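K.L.:
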Amino acid sequence: KQWYQRRVAITAGITKDLIRKIKVPARDPSELSIVLTSAEYSRIKGAAKVLTPEEKAARARAQKAMKEEAQAASQDRKNYMTEMEAQRLKREKPSDLEKEGKDKSRVLLAKAEEQLNEQEDEIKKLNEIILNAKCHAIRDAQLREKKEKSTDCDSALIPLL
3 KQWYQRRVAI TAGITKDLIR KIKVPARDPS ELSIVLTSAE YSRIKGAAKV
53 LTPEEKAARA RAQKAMKEEA QAASQDRKNY MTEMEAQRLK REKPSDLEKE
103 GKDKSRVLLA KAEEQLNEQE DEIKKLNEII LNAKCHAIRD AQLREKKEKS
153 TDCDSALIPL L
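With the numbering used here, the residue at position 152 of the sequence shown is 154, and numbering never jumps.
1) Going straight from the alpha carbon of Ile36 to that of Tyr43, what length do you get?
2) To which residues of the same chain is Ile46 closer than 8 Å at the C-beta, ignoring the five residues directly before and after it?
3) With distances taken between CB atoms, is the gap from Val26 to Thr13 smaller than 8 Å?
4) In this structure, does DSSP put Lys23 in helix, strand or coil?
5) Go ahead and pull the three-state DSSP assignment for Thr84.
6) For Thr13, list the residues DSSP reports as bridge partners.
7) Quick check: what's the CA-CA separation for Ala74 versus Ala62?
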């Protein structure tokens, strides 16, 4: 009461019928008051409540479940969007540039495959020629050896007669 009285100024107020003494505080008491929104009031009220460990665990489980549900919904939306994009790409006709690119790549692939086949055929032919040459060389060596043996035998037989 003394604090209030020390900071109060007394003034006289005159009305039509009376003269009154009015106590006017030196400071505006509304400066000390705070205006809270209902959301802020609810937040403060909820924070003031002391939670038991079971309530804390239940709240954590609930938050985790909500987060998992949100992630699952997000993944479902993502899958749906990728599926829709794939269907759109299937229905979409290729542009002229894409057609030209595909045609060029097809032609290049065909040329490359043809060159590989030619190389394989050439290699096969060369291997065949080399093998034939080896066979002919062996055969010629065998024929020469046979001739030499026959001439040796003939020359050995001639002095005996």
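Glycine residues also receive a C-beta, built at the ideal position from the N, C-alpha and C atoms.
Just so you know, these numbers come straight off a predicted model, no measurement behind them.
P.N.:
Let's see:
1) When rounded, the distance between both Cα atoms is 11 Å.
2) Cβ neighbours of Ile46 beyond the five flanking positions: Leu38.
3) In this structure, Thr13 lies closer than 8 Å to Val26 by Cβ.
4) Residue state for Lys23 is assigned as strand, using DSSP reduced to three classes.
5) Note: Thr84 maps to helix in three-state DSSP.
6) According to DSSP, which records beta bridges pairwise, Thr13 is partnered with Ile24.
7) In this structure, the straight-line span from the alpha carbon of Ala74 to that of Ala62 is close to 18 Å.
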